[in-house]
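Heads up: the structure comes next, in structure tokens.
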Amino acid sequence: MVERRLVYPVSAAILAMFAMFSLIWSQFYPFIMKTYSLDAVSPVALAASFSAAGNLLTQVLAGFIADRRGPKPTMAVAGLLYLAGTTIISMMFSHASWENARLYWYAGALTIGAGIGMYIGTLPVVISRWYPDAPGKAYGIALFGQYLSPVLISPLAAYLITSYGLKEAFTFLGAAIFTVIYIIGVGVWRTPPREMAATFANGGKTVSLKESIRDLRFWILFTVMFSTAIGWFLIMMNIATIVVEGLGKAGLDVEYVASSFVPLFMSVAAVGNALGAYFWGVVNDRMGGPLRTLPIVYALAGVMIFAFYLSYTSPSLILLTGCLLYFSLAGEPTVHFAAVPTFFGNEHVAKLTSILNTSVASSAIIGPFIGAFIRDVLGSYFFSLAIAAVLHFFAVGIVLAGRKYAGGGVNVQVREPEGV
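All residue numbers for the sequence shown refer to our numbering, where the first residue is 6 and numbers rise by one.
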């Protein structure tokens, strides 16, 4: 019989398809550059850094509130922030000058980022508390939907932009995201009842917030999350212009690549992302925890970054290597999310996850702009991709060295709850 608690990761997957439309953020860059006759990518890509700053501002707050009050208050705020952010961006297209329009672009991105922070800060209190016995699998299901977002949103955004314009595209997306968040995040989501939570905790260990932060595993996670996330966002938030660069070298029409091939690429890569999220979540649970799984995930991602660059001038090969690259990268957030309840239990899961995710949000401020800036200065994304690969290999070394001293085999154990 299908578990009743399955509604939470499945509903999270559906919600994330809309809430994480920031995964296609770079798809808007070529259209905005064309609208305002811009040659440099970095002024447009800077919006991703503002979005990450908004995420950083709200995620820890959301984690503390959600641990105490549950998911509904924070998700209600998240929906309003998404709607406000997309509305602000839609107003930029009333200005013909980039000097004026960019203020709305950056302010809207900051506000959307704040909404993303409220959503991400809330997610652990729902998923981890309902699935303490299989966090990898549960997060894999939730992130499966998140990574399928480009399959739905990328062609939808391309259709809206080409048919109605950028202003209408952002207006529609904002209304759609707001509606889904209120139906699922406010209407459906809740935490387990107290008696059920006691069943979940049977046989487990409660780790205080102070003890958790003093644990070496916490700082291993913080370090590798920061380093790999720089590479992760460097790629993800510039992927459309990376694809345009590669296929432009092959002689393909840039406008065709931006409007037709990029949505196809994002859809194919998203399938790899979604499958990777579930695959690595299950592997994490079966291999015995994050410190055993992460070195494999990071090493494979580093190799695939180089393979992607070597093939990015071929339309067919870039689809294949892009799919495999995204499959590899999907393991990182999945296993990172699962690591917190695995190591420290669920009492402070939203707080700890949101604190750790400040490393990711900080990287998201740096990564997108660095990638675009290096391309503008050196004329190619090669060095940006090389940095991303090296950071992943660095993370492999950190985990392998650190787990010898971190008690990597000692996880917070819980038995599978009954009657849920």
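All C-beta atoms, glycine included, are put in the ideal place defined by N, C-alpha and C. The model shown is predicted, which means the values in this text are computed figures rather than measured ones.
Across the structure, R291 and P300 are spaced so that their CA atoms are roughly 15 Å apart. Counting C-beta pairs closer than 8 Å gives fewer than three between the region 384-404 and the region 168-175, which falls short of the contact rule. Straight-line spacing of the CA atoms in D138 and V49 works out to 43 Å. In its chain, beyond the 5 residues on either side, A274, G277, N278 have a beta carbon closer than 6 Å to the beta carbon of Y331. In the DSSP annotation of this structure, the continuous segment of the alpha helix (DSSP H) that includes G126 starts and ends at 103-135. Remark: C-beta atoms of T91 and I117 approach each other more closely than 8 Å. Boundaries cannot be given for Q32, as no alpha helix (DSSP H) includes it and DSSP labels it neither H nor E.
By the Cβ neighbour-count rule, N105 is exposed, with fewer than 16 other Cβ atoms within 10 Å of its own. Annotated as distal: P76 and R222, with beta-carbon spacing of 8 Å or more. Going by DSSP, W194 is part of no alpha helix (DSSP H) at all; its letter is neither H nor E.
Here the region 28-48 makes no contact with the region 177-187; the two share fewer than three CB pairs at distances below 8 Å.
In the three-state scheme derived from DSSP, where H, G and I count as helix and E and B as strand, G293 is classed as coil. If you ignore the 5 residues before and after I235, its C-beta comes within less than 7 Å of the C-beta of S368, I371, G372, L396, all in its own chain and listed in chain order. In this chain, the alpha helix (DSSP H) harbouring L85 covers 77-96. At a cut-off of 4 residues, the continuous stretches assigned as alpha helix (DSSP H) that sit fully inside the region 274-356 are 295-316, 320-334, 336-349. With distances taken between CA atoms, A335 lies nearest to V302 out of V302, L361, D258. For the pair F311 and M241, the Cα-to-Cα distance works out to about 15 Å. Annotated three-state conformation of N243 is coil, per DSSP. With fewer than 16 other beta carbons inside 10 angstroms of its own, Y261 counts as exposed.
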